[in-house]
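The sequence shown runs 443 to 599 under the numbering used here. Beta carbons: idealized from backbone N, C-alpha and C, even for Gly. Comments concern the structure below.
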Amino acid sequence: MIAAAAENNALGKENDLVWHLPDDFKRFKKLTTGHHIIMGRKTFESFPQALPNRTHIIITRNKDYKAKGAVVVHSLERALEIAKDDPQPFIIGGGEIYKQALPYSEKIELTRVHSEFEADTFFPKIDNTNWELVNEEFHPTDEKHKYAFTYLTYERR
């Protein structure tokens, strides 16, 4: 899984991010390029267009949903089956998909944004009895980043 979440686990509001962190976008691109990215319909629709050099798998309950440049499925299990030959597929959101995917995940790449935000979508709580923090990299605020953040890498225990 890959996500950016605030201290209160906020992911976004009204299908949009509530912060702008250019370095986090660059890291997301670097990590996910060349891989399958699995997401819910609303996450896909929040993009201006399909992200280049990635296989998009969209999970939706809508049996008639079509998306140009993407594979549409109706369950997380089917999405994972399609991505099975990818050594590192990524779950990229939203909140409900993250909750469903947590039991299947072996690794979480989390950007922890050091602030709290009003939101309508949240990342699930990480249970430290199941997850071990294996790497962290702090980034202070600067002229491009209004909020400090830390890249956190968790692996399943």
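Reference residue i; option with closest CA among the options
i	options	result
Tyr-593	Ile-480, Arg-469, Phe-486	Arg-469
Asp-527	His-478, His-587, Tyr-589, Gly-536	His-478
Thr-571	Glu-548, Arg-599, Tyr-546	Arg-599
Asn-450	Arg-520, Phe-580, Ile-568	Ile-568
Glu-597	Leu-522, Ser-557, Trp-573, Phe-467	Trp-573
Lys-505	Lys-541, Ile-533, Val-514	Val-514
Lys-586	Ala-446, Phe-467, Asp-458, Ala-445	Phe-467
Arg-503	Pro-464, Phe-532, Ala-525, Ala-521	Ala-521
Glu-578	Val-555, Ile-539, Tyr-546	Val-555
Glu-519	Ala-509, Ile-500, Asp-458, Tyr-507	Ile-500
Gly-476	Gln-491, Tyr-540, Ala-509, Pro-531	Pro-531
Residue environment, residue i, which counts as buried when at least 16 other CB atoms sit within 10 Å
i	result
Val-576	exposed
Gly-511	exposed
Phe-486	buried
Ile-473	A small correction: the amino acid at residue 473 is Leu; Ile does not occupy that position in the sequence shown. Label assigned to Leu-473: exposed.
Thr-553	buried
Arg-496	buried
Pro-464	exposed
Tyr-546	exposed
Check whether residue i and residue j have beta carbons under 7 Å apart
i	j	result
Met-481	Ile-550	no
Ala-448	Ser-557	yes
Gly-537	Lys-484	no
Phe-402	Val-460	Residue numbering for the chain in the displayed model covers 443 to 599; residue 402 lies beyond these limits and cannot be assessed.
Residue-chain proximity (residue i, chain C), Cβ-Cβ < 7 Å
i	result
Phe-489	Absent here is chain C; the protein component of the structure consists of one chain.
Contact belief for residue i with residue j at Cβ below 8 Å, rounded distance in angstroms
i	j	result
Thr-583	Tyr-589	6 Å
Legend entry - Any 3 or more C-beta pairs closer than 8 Å across the stretch 554-567 and the stretch 450-468: yes
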